[in-house]
Amino acid sequence: MWSYEHNGFSVHQIPALRDNFIYLIATDEVLACVDPAEAAPVVAACRQLGRKLTHILNTHHHNDHTGGNLELKARYACMVAGAAHDALRIPGIDLHLSQGIDLRIGDLALQVLDIPGHTTGHIAFVCGEGDDTALFCGDTIFGAGCGRLFEGTPAQMWHSLEKLMRLPDSTRFYCAHEYTLNNLEFCLARISQSDAVKAYSTWCKDRLDKGIPSIPGTLGREKQCNPMLLPADEAFRINYAKLHGIGEDAVSVYTHIREARNHW
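So in my numbering, spot 4 of the sequence shown is number 4, and the numbers just go up one at a time.
What follows is the structure, given as structure tokens:
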């Protein structure tokens with residue numbers, strides 16, 4: 001388990017399954033679990049912290065994000081919060097959320113964002129503010145990548161990515177999988193060999209070699225290096241579109257990059 005301090009809360013990162021991350025958000029009053037892929041590592045982390053779980057926060061309905069819901073709810077009598085859109089697909093859901101329905105649980109305030117694309121009911125949770133913002137984005141933004149489109153459209157996903165890019169560059173994002181190095185290898189091979197991407201790759205390899213996750217990262221670095229976010233840059237978008245003979249709009253360029261990643 002790795003721990004990160006923010007103003008008024010801390011985040012504890014728990015490895016699970018093959019490449020998942022589960023997160024505990026801890027305040028004086030609250031211990032909330034984001035996307036419990038399985039129960040056992042969460043129970044172990046709670047014991048290590050000497051705390052009982054108070055809430056579960058699900059970003060979307062996939063089993064590798066909700067697989068521990070029912071066991072944890074039975075053990076701790078905790079509340080389960082997830083997207084209203086997915087109320088029938090999230091095990092044990094109690095609180096139905098959507099953008100505009102911000103969540104305050106004890107001394108923890110959470111902004112809820114609708115970010116469809118990976119799934120139609122995907123949401124994100126934002127804690128903190130300004131330079132100390134934390135984003136729990138599930139399978140929407142990854143290190144140097146984004147989630148596959150299992151249910152949503154490319155346009156939906158692009159607009160969701162745009163929404164997240166409006167957060168401060170200093171925002172630390174806590175995504176649900178360790179995919180960064182593989183995503184950077186794709187970027188270097190197919191999209192960009194910029195100095196920033198090369199430096200990101202070197203940094204990532206060094207972290208992983210030491211047994212340290214590449215996540216959390218910052219949105220500022222992703223805006224420079226993440227191939228799925230580069231269509232926001234007009235110069236990149238125009239050059240990429242000319243090179244591949246596609247439209248110069250951001251959705252067309254994003255879609256082409258997403259398809260290239262799918263088949264890489």
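Beta carbons: idealized from backbone N, C-alpha and C, even for Gly.
Query raised in the report: Skipping 5 residues on each side, what residues in its chain have a beta carbon closer than 7 Å to that of D28?
Result: D107
Query raised in the report: What residues match up with L103 in a beta bridge as DSSP calls it?
Result: L110
**Report entry** Own chain partners of F186 with C-beta closer than 6 Å, once the 5 adjacent residues on each side are dropped
**Finding:** Within the same chain, Cβ atoms closer than 6 Å to the Cβ of F186 are found at R261, W264, the five residues on either side in sequence being excluded.
Query raised in the report: Taking C-beta to C-beta, are E234 and A241 nearer than 8 Å?
Result: No, the Cβ-Cβ distance between E234 and A241 is not below 8 Å.
Query raised in the report: Can H61 and T153 be called in contact, C-beta distance under 8 Å?
Result: no
Requested in this report: Work out the CA separation of R18 and A37 for me, nearest whole Å.
Outcome: 11 Å
Requested in this report: Would you kindly check if the distance between the Cβ of A83 and the Cβ of L72 is under 8 Å?
Outcome: no
**Report entry** Proximal residues to D131 (C-beta, below 7 Å), its chain only, five neighbours per side dropped
**Finding:** Its chain contains P168, S170 as the residues whose beta carbon lies nearer than 7 Å to that of D131, once the 5 sequence neighbours on both sides are disregarded; these appear in chain order.
Requested in this report: Answer with buried or exposed for A199, where buried requires no fewer than 16 other C-beta atoms within 10 angstroms of its C-beta.
Outcome: exposed
Requested in this report: Report yes if the CB atom of C127 is closer than 8 Å to the CB atom of L113, and no otherwise.
Outcome: no
Query raised in the report: If you check the beta carbons only, do A134 and R172 fall under 8 Å apart?
Result: When the beta-carbon positions are compared, A134 and R172 come within less than 8 Å of each other.
Report task. Give a yes or no on whether the C-beta atoms belonging to A32 and T54 are separated by under 8 Å. Result -> yes
Requested in this report: Kindly identify the DSSP beta-bridge partner or partners of L49.
Outcome: Answer is none; L49 lacks a bridge partner.
Requested in this report: Note down, in chain order, each residue of its chain lying with its Cβ closer than 7 Å to the Cβ of C78, except the 5 sequence neighbours on either side.
Outcome: L53, T54, H55, I56, L72
Query raised in the report: Buried or exposed: which applies to E178, given that a residue is buried once 16 or more other Cβ atoms fall within 10 Å of its Cβ?
Result: buried
Query raised in the report: Between the C-alpha atoms of L188 and R51, what's the straight-line distance to the nearest angstrom?
Result: 43 Å
Query raised in the report: Closest to L49 by CA distance: which of A232, Q13, N7 is it?
Result: When only C-alpha atoms are compared, the closest one is Q13.
Query raised in the report: Out of curiosity, what's the CA-to-CA distance linking S201 and L181?
Result: 7 Å
Report task. May I have the straight-line CA-CA distance separating P116 from C175, to the nearest angstrom? Result -> 15 Å
Requested in this report: Find out if the Cβ-Cβ distance for the pair A45, L24 is shorter than 8 Å.
Outcome: yes
Report task. Measure how close the beta-carbons of C159 and G121 come, nearest whole angstrom, since I'm counting them as under 8 Å. Result -> Here residue 159 is His; the residue named in the question, Cys, does not match the sequence. Contact doesn't hold; Cβ gap of about 15 Å is too wide.
Query raised in the report: Using the C-alpha atoms, what's the distance from G217 back to N183?
Result: 14 Å
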